[in-house]
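*Asks:* In the numbering used here, the protein residues as written are 40 to 190. Okay, here's the structure, questions in a sec.
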Amino acid sequence: MFRHPAILTVFLLLALPGAVLAHGFTHGDIRVMHPWATVAAEGKSSPVYMTLTNAGLEADRLIAVEAKAAGRVEIQKAKKGGGAVAYEPISTVELGAKKTVAMQPGGMRVLLVDLKEPLRHEYTLPMTLVFERAGRVEIQAVIQKSAAEGH
Ligand SMILES: [Cu+2]
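See below:
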């Protein structure tokens with residue numbers, strides 16, 4: 040029976056639910072789960088959220104984030120109090136041994152500033168997370184319209 044190669048690929052992906060449902064990246068002891076950015080126009084900014092896990096026995100910390108699509112990248116944390124959420128830059132994200140840290144709306148985030156290209160819905164954005172111990176972790180952020188979208 041004839042089978043279209045594209046159809047076959049879909050079936051193979053569905054046979055590996057972990058690969059589809061858990062969009063994540065592992066490098067050494069570091070696991071980065073479901074990184075996602077927000078749809079944005081060229082020249083604008085876009086927040087990126089993800090969950091970081093350190094499966095190792097030694098503490099690590101995120102010290103930098105790089106993205107070719109952005110003129111500048113900041114790591115930020117929401118300030119407490121007040122009405123609208125305001126963010127301020129932080130230099131690192133501490134990731135203790137056997138700890139998980141969620142970067143999510145209203146908490147910590149990565150901000151891509153001065154985008155050199157538009158972030159289009161459902162495309163993916165290559166980024167590099169730099170950890171003090173684990174080194175460089177290459178990830179692909181999925182571009183979503185909102186936090187609720189998920190997959
Ligand atoms: Cu995902």
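The C-beta atom is built at its ideal place from N, Cα and C for all residues, glycine as well.
Would you report the Cα separation of L55 and H62, rounded to the nearest angstrom?
*Replies:* Summary for L55: the model assigns pLDDT 45, below 50, so the residue's position carries little reliability; its value from the coordinates is reported in the next sentence. Answer to the nearest angstrom: the Cα atoms are 12 Å apart.
*Asks:* I want to know whether the region 103-121 touches the region 144-157 - three or more CB-CB distances under 8 Å.
*Replies:* Taking 8 Å as the limit for Cβ pairs, the verdict is that the region 144-157 does touch the region 103-121.
*Asks:* Judging by CA-CA distance, which residue of T167, E177, L150 and M72 is the nearest neighbour of Y126?
*Replies:* It is L150 whose Cα lies nearest to the Cα of Y126.
*Asks:* Which residues end up in the neighbourhood of ligand 1 when you take C-beta atoms closer than 6 Å to any of its heavy atoms?
*Replies:* Result (chain order): H62, H73, V181 and H190.
*Asks:* According to DSSP, is G174 helix, strand or coil?
*Replies:* The answer is strand: DSSP assigns G174 an E or B state.
*Asks:* Could you give the C-beta distance for A79 and L164, rounded to a whole number, given that I count them as a contact under 8 Å?
*Replies:* Incorrect: roughly 10 Å between the Cβ atoms, too far for contact.
*Asks:* Determine the direct distance from the alpha carbon of E97 to that of H189, and round the result to whole angstroms.
*Replies:* A small fix is needed here, since residue 189 is Gly in this sequence, not His. Cα to Cα, G189 sits roughly 31 Å from E97.
*Asks:* Quick check on DSSP: helix, strand or coil for S85?
*Replies:* Here S85 sits in strand by DSSP.
*Asks:* Considering only C-alpha positions, which residue in the set Q179, K184, A180 and E171 is nearest to A103?
*Replies:* Among Q179, K184, A180 and E171, the Cα nearest to that of A103 belongs to E171.
*Asks:* Measure the alpha-carbon distance for G82 versus E113 and round it to whole angstroms.
*Replies:* Going by the C-alpha atoms only, they are around 15 Å apart.
*Asks:* Please tell me whether T65 and R100 are closer than 7 Å, where the distance is taken between their beta carbons.
*Replies:* Contact flag unset, no.
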